[in-house]
Structure formats: structure tokens, C-alpha cells
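Enquirer: There's a structure below that I have some questions on.
Residue numbers (the working numbering): 182 to 342.
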């Protein structure tokens, strides 16, 4: 997805879990299946817009951890000076982890913090996004950030020594 800051809501008749996961992998912020009510769609649009504004409000000084820099105001991530292109959800997920190094986040907590409570998102979506984050750092020829899997619990960011 090239337009990182623009929220995307997929509206589709495909209801299988695999289709939904694929939609999120492609960068969707929410996924609505037919049939749906117009009120539900309006509510989801407002929720996605609200989450976008909330992340803008918390944007301040760049987050830094070793050679990793996350500029929340400009929506840019660099590792050792190399830019790493991320979707909005990947960016928010990385920023949430880096903001509190060493803290273990459960999948549900990350879902609430990054995706919000307005909509149904599978907990494994977090795993998919973490895998995509790691792959994007490799693709950018940048060292992978210190995102560690805590087996059976979730994830944490380990600050470089």
C-alpha cells in the first residue's frame, strides 16, 4: 500500500477468515462484509478517522532506539539512516512497541492500541503484521528492529545494548 496515512476500509462479500487476513496483510485498517447497514459503515469510517487523529495528536519528538528512528510527525522510519516504508498499521505497531522497550504486550492489548476497539480483528493479525515488519526491514537492507516474540504471550521491543 503506497498511501500510508490514508485509512482503508475493505467492503466486500468475501467472508472467509483467509480473505479477511489477506485484506489486513494488504494494508486494510478495517474489513466490512456484505450485507452491512449504512449506519455500521458510517460508524466504522468515523472510528478509523478517530484513530488516525488520535495518533496524530500523540505525535511529538521522534522515538529513538539505537539506530532506529521513528518520526511520528512525518510518518517516517529509518534504521541506520536507511528509510523503511511501512503501512499505517505497521508504523503504529512498531511505534507502540518502541515507545516502551522491554514491556511485553499481549496480542489483545496490541489490537486495542493499534487497531482500536471499533471493529473485529483476529488476534493473529498482530502476528502477520510483525512478520511483515521484519520482512520490510530485511527488504530495505536494514537490520531488523529488536522485536521479540514472547511465546504464548505476545511481543516486546528489546532496546539495543
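Each residue gets a CB set at the ideal place from its N, CA and C atoms; glycine is no exception.
Note the first and the last residue of the continuous alpha helix (DSSP H) segment covering residue 272.
Expert: Against the chain shown, residue 272 aligns to sequence position 91. Here the alpha helix (DSSP H) through residue 272 covers 269-280.
Enquirer: On the CB-based measure, 16 or more other CB atoms within 10 Å of its CB, does residue 219 come out buried or exposed?
Expert: Mapped onto the chain shown, residue 219 falls at position 38. So residue 219 ends up on the exposed side.
Enquirer: Identify, in the order they occur along the chain, each residue of the same chain with its Cβ nearer than 8 Å to the Cβ of residue 292, setting aside the five sequence neighbours on each side.
Expert: For this step, residue 292 is matched to residue 111 along the chain shown. Within the same chain, residue 292 has close Cβ partners 302, 304, 306 and 307.
Enquirer: Strictly by DSSP, which residues pair up with residue 287?
Expert: Stepping through the chain shown from its first residue, residue 287 is reached at position 106. DSSP, once it has assigned bridges, lists 335 as partnering residue 287.
Enquirer: Which residue from 312, 209 and 224 puts its Cα closest to that of residue 329?
Expert: Position 148 of the chain shown holds residue 329. Nearest of 312, 209 and 224 to residue 329, Cα basis: 312.
Enquirer: Could you tell me the boundaries of the beta strand (DSSP E) in which residue 245 lies?
Expert: Indexing the chain shown from 1 puts residue 245 at position 64. 244-246 is the extent of the beta strand (DSSP E) around residue 245.
Enquirer: Buried or exposed: where does residue 201 fall if 16 or more other Cβ atoms within 10 Å of its Cβ makes it buried?
Expert: Locating residue 201 in the chain shown gives position 20, where the first residue counts as 1. Residue 201 comes out buried.
Enquirer: Are there three or more Cβ pairs, one per stretch, closer than 8 Å when the region 333-342 is compared with the region 279-296?
Expert: yes
Enquirer: Return yes when the Cβ of residue 258 is within less than 8 Å of the Cβ of residue 274, no when it is not.
Expert: Position 93 of the chain shown, counted from the first residue, corresponds to residue 274. Position 77 of the chain shown, counted from the first residue, corresponds to residue 258. No, Cβ-Cβ distance for residue 274 and residue 258 is not below 8 Å.
Enquirer: Would you check if the region 187-207 and the region 243-256 touch, i.e. whether three or more CB-CB distances between them fall below 8 Å?
Expert: No, the region 243-256 does not touch the region 187-207.
Enquirer: Measure from the alpha carbon of residue 193 to the alpha carbon of each residue in 242, 208 and 212, then state which is nearest.
Expert: The residue given as residue 193 occupies position 12 in the chain shown. Residue 193 has its Cα closest to that of 212, out of 242, 208 and 212.
Enquirer: Distance check for residue 226 and residue 263, CA to CA, integer angstroms please.
Expert: Indexing the chain shown from 1 puts residue 263 at position 82. Indexing the chain shown from 1 puts residue 226 at position 45. Between the alpha carbons of residue 263 and residue 226 lies a gap of roughly 34 Å.
Enquirer: Going by DSSP, what residues sit across from residue 191 in a beta bridge?
Expert: Position 10 of the chain shown, counted from the start, is the residue given in the question as residue 191. In the DSSP output, where bridge partners are listed per residue, residue 191 has 212.
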